[in-house]
Amino acid sequence: MSIDRRKFLKIAGLSGIGLGLSAADSLVKGKAHASEESSLPESGVRLALVIDIGKIRTDEDYKRITDACHSIHNVPSIPNTKHEVKWIWTDNYEHTFPDQTNEFIPHEMKEKRFLLLCNHCAKPPCVRVCPTKATFKRPDGIVAQDPHRCIGCRFCMAACPYGSRSFNWVDPRKYLDMNKTNPDYPTRTMGVVEKCTLCVERLARGLEPACVEVSNGAIVFGNLADPGSNVRKILSTHYTIIRKPAVGTQPSVFYVIGGGENAG
Amino acid sequence: MYNGSKIILGLIIFLAIATFPFYSNFGKSAVMPSPSTDTPVINQLAKKECVMSAEYMKKEHMKVLDQWRDEVVREGKRDVITVGGRVFEKSLQNGCMQCHSNKSKFCDECHSYAGVKPYCWDCHFFREGGQR
Ligand code: SF4
Ligand code: SF4
Ligand code: SF4
C-alpha cells in the first residue's frame, strides 16, 4: 500500500466537508433516524442467522463450522495473513463487540472466541459504495456479490465496518489443491473481492447454509420477517446482541449471549 | 531529403511492429478446429440435443452463458432447463460440462484457433478426464 490509513483519512477529511454538510442536512430532515424505521423489507423475507455462542465450545467445533464453509466454496488457506481470504472466521470478544465497553464482563466472555461472517446487513454500506453494483442486496435480504462484475476497487472493503470481505491479492488456485476442490463450485480469481454469500446456491436447492448444517444447533437460520420463524422465537426469548450497533448497518447475524440454559 | 535514413529506419520498425500479429501467427493453428461431441454422456443419448440448436450454440453460446449468469447470480432464477427429458442446470460447470466432458477438444481447440481466451476459466474449472 502506497497510502497509509492516516494519509487516507486526512484526504478523506478534507474532501469530507461536503459530506458532512449533507449528513447534517439529512439529520435536520430526520432521515438519519434509521434505527427507528422498520428494517423489515416489503418482500416479507429477511434471512438471518442466530448464533448461540454457548453451544460452540471446542476448537473442533469452530473448525468443523469454518471448514464446512471454506471447503465447499473453495476458499483457499493462504498462510500470509495480509493475503488471507476468509468467509467465516473467529475473533475474541473485544474485537467482535468493541461497543461493549464494560470491562467487568464474565471471565468466560473474555476468553471466548466468536464466529464472524458477513452480517447481511439490512442497511449495507458495501452495497451503497459498490460502483459496479457487483455487490447488491437481494429481496430476501442476502447481500450478494457477483464476482463477474467485481472490478476489485475494494470500496466495499473500506465501507464494511466488520472486515467481512477479502481481496484476492494472489491467484487463489495456488493455495488450493485443485484435485480436492468442490467441482460444483467455482474458485475466484486474482483482483476480485469475496465474502460469505449466505450459501445462496444451497438455499436454492432447499438446503440450509453449510455452517448451520454442521453446527449441531448452535447456528439457526430463518426468516426474520416472519414472527413465527425459529429465529424470531429465539430472539424473543433470549438476550441477543449484534455487532457494532452504533454504525447503523442493522446486521442480520445475532449472537445469543451466555448464561442459563443457552450455555447448556 | 532530411534525415532520410532515419525515416526509413523508423518506417521499417513501424512496419515490423504493425505487422507483428500477422507473421507471429504464420504457420500456426492453420488446422481448422473440429470440436468433438464424442463423450460418454453424449454418446449414450438417443437424440443428441443441446439447450439450443447446434448452429445457434456455435455462434451464440457466450450469449447464452451471459444470460444464465445474470439470471442465476443476479435474479436468483435458478430454475433448470429440460430438453428431451434431460435436466440442465444453468451453469457452465454444472450444466455444459456435464455433457461436454472433453474441454480440451470441445472448447479449447476453437478458442485457441480464434485466439480468444475466455476468462470464464479463471474461476470456473473442470477436471479433465472424469471430474467427479
Ligand atoms: S457485514 Fe459488511 S460486507 Fe456484509 S453486508 Fe454488512 S457491510 Fe456488507
Ligand atoms: S471491490 Fe468489487 S464488490 Fe467491492 S466495491 Fe469494488 S466492484 Fe464492488
Ligand atoms: S452462510 Fe454459507 S457462505 Fe456464509 S459462512 Fe455460512 S457456510 Fe459460509
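If you're matching them up, the sequences are chains A and B in order.
Using our numbering, the first residue of the first sequence is number 4, and each one after it goes up by one.
Using our numbering, the first residue of the second sequence is number 7, and each one after it goes up by one.
Cβ coordinates follow ideal geometry from the N, Cα and C atoms, glycine included.
For clarity, every value in this text was computed on a predicted model and none was experimentally measured.
Taking only beta-carbon positions, decide if residue i is within less than 8 Å of chain B.
i	result
M181 of chain A	yes
D102 of chain A	no
P186 of chain A	yes
R157 of chain A	no
T252 of chain A	no
A51 of chain A	no
D64 of chain A	no
A27 of chain A	Confidence at A27 of chain A is low in this model, with a pLDDT of 42, below 50, so the placement of that residue should be treated as unreliable; the coordinate-derived value is given next. It does not; no Cβ of chain B falls within 8 Å.
A213 of chain A	no
H151 of chain A	yes
P44 of chain A	no
R191 of chain A	yes
R141 of chain A	yes
L24 of chain A	Interpretation of L24 of chain A is limited by its pLDDT of 39, a score under 50 that renders its predicted location unreliable; the figure taken from the coordinates is listed afterwards. No, L24 of chain A does not count as interfacial toward chain B.
A228 of chain A	no
A207 of chain A	yes
Please work out which residues of its chain come closer than 8 Å, Cβ to Cβ, to residue i, disregarding the five sequence neighbours upstream and downstream, and give them in chain order.
i	result
K53 of chain B	G90
E211 of chain A	C202, R205, F224
H130 of chain B	L98, Q99
C126 of chain B	L71, L98
So, at 7 Å on beta carbons, what are the nonlocal neighbours of residue i in its own chain, with the 5 sequence-adjacent residues on each side left out?
i	result
V146 of chain A	C121, H123, C124, P127, C129, V130, T138, K140
P79 of chain A	V88, P175, Y178, L179
G47 of chain A	A228
T226 of chain B	This structure does not reach residue 226 of chain B, given that chain B is present from 7 up to 138, and the question cannot be answered.
M160 of chain A	R168, F170, V196
I237 of chain A	V53, V223, V259
F100 of chain A	I244, R246
I23 of chain B	none
R282 of chain A	No information on residue 282 of chain A is available, as it lies outside the stretch 4 to 267 that chain A covers here.
Does the beta-carbon of residue i, which I'm using as the reference point, lie nearer than 7 Å to any heavy atom of ligand 2?
i	result
G155 of chain A	yes
T135 of chain A	yes
T252 of chain A	no
T192 of chain A	no
V79 of chain B	no
F158 of chain A	yes
V196 of chain A	yes
V203 of chain A	no
Closer than 7 Å: is that where the CB of residue i sits relative to any heavy atom of ligand 1?
i	result
C124 of chain A	yes
Y119 of chain B	no
R168 of chain A	yes
V146 of chain A	yes
Y165 of chain A	yes
C121 of chain A	yes
P101 of chain A	no
P142 of chain A	no
C129 of chain A	yes
So does residue i have its beta carbon nearer than 7 Å to some heavy atom of ligand 3?
i	result
C199 of chain A	yes
I56 of chain A	no
P79 of chain A	no
A213 of chain A	yes
If you draw a straight line from the C-alpha of residue i to the C-alpha of residue j, how long is it?
i	j	result
L30 of chain A	P44 of chain A	Reliability of the predicted coordinates at L30 of chain A is poor, the pLDDT of 41 falling under 50, and no value is obtained from them.
K34 of chain A	P254 of chain A	With a pLDDT of only 44 at K34 of chain A, under 50, the local geometry of the prediction cannot be trusted, and the value read off the model is given with reservation. Their backbone Cα atoms lie some 19 Å apart in a straight line.
L206 of chain A	Y29 of chain B	53 Å
Y165 of chain A	C199 of chain A	12 Å
L118 of chain A	N182 of chain A	29 Å
N83 of chain A	V173 of chain A	11 Å
C163 of chain A	P134 of chain A	15 Å
M58 of chain B	V217 of chain A	40 Å
I245 of chain A	M68 of chain B	43 Å
S41 of chain A	Y242 of chain A	20 Å
W92 of chain A	R157 of chain A	20 Å
G220 of chain A	S239 of chain A	17 Å
G121 of chain B	P27 of chain B	11 Å
E115 of chain B	M38 of chain B	9 Å
K32 of chain A	A249 of chain A	Note that K32 of chain A has pLDDT 43, beneath the 50 cutoff, so the model's placement of it is unreliable and the number below is only indicative. Taking the straight line joining both Cα atoms gives about 20 Å.
K66 of chain A	E114 of chain A	17 Å
V215 of chain A	D64 of chain A	12 Å
Y96 of chain A	T61 of chain A	16 Å
P230 of chain A	R49 of chain A	11 Å
What residues in its chain sit with their C-beta under 6 Å from that of residue i, if we drop five residues either side in the sequence?
i	result
L52 of chain A	I222, F224, V256
Check whether the Cβ of residue i lies closer than 8 Å to any Cβ atom in chain A.
i	result
E134 of chain B	no
K109 of chain B	no
What residues in the region 72-105 of chain B bring their beta carbon closer than 8 Å to a beta carbon of chain A? Residues of the region 72-105 of chain B whose Cβ lies closer than 8 Å to any Cβ of chain A, in chain order: R75, V79, R80, G82, R84, Q99, N100.
Please identify, using Cβ separations under 7 Å, the residues of the region 121-132 of chain B that lie next to chain A, in order along the chain. If the cut-off is 7 Å between Cβ atoms, the region 121-132 of chain B has D128, C129, H130, F131 near chain A.
Check each residue of the region 117-138 of chain A: if its Cβ is closer than 7 Å to any Cβ of chain B, include it; give the result in chain order. From the region 117-138 of chain A, no residue has a Cβ closer than 7 Å to chain B.
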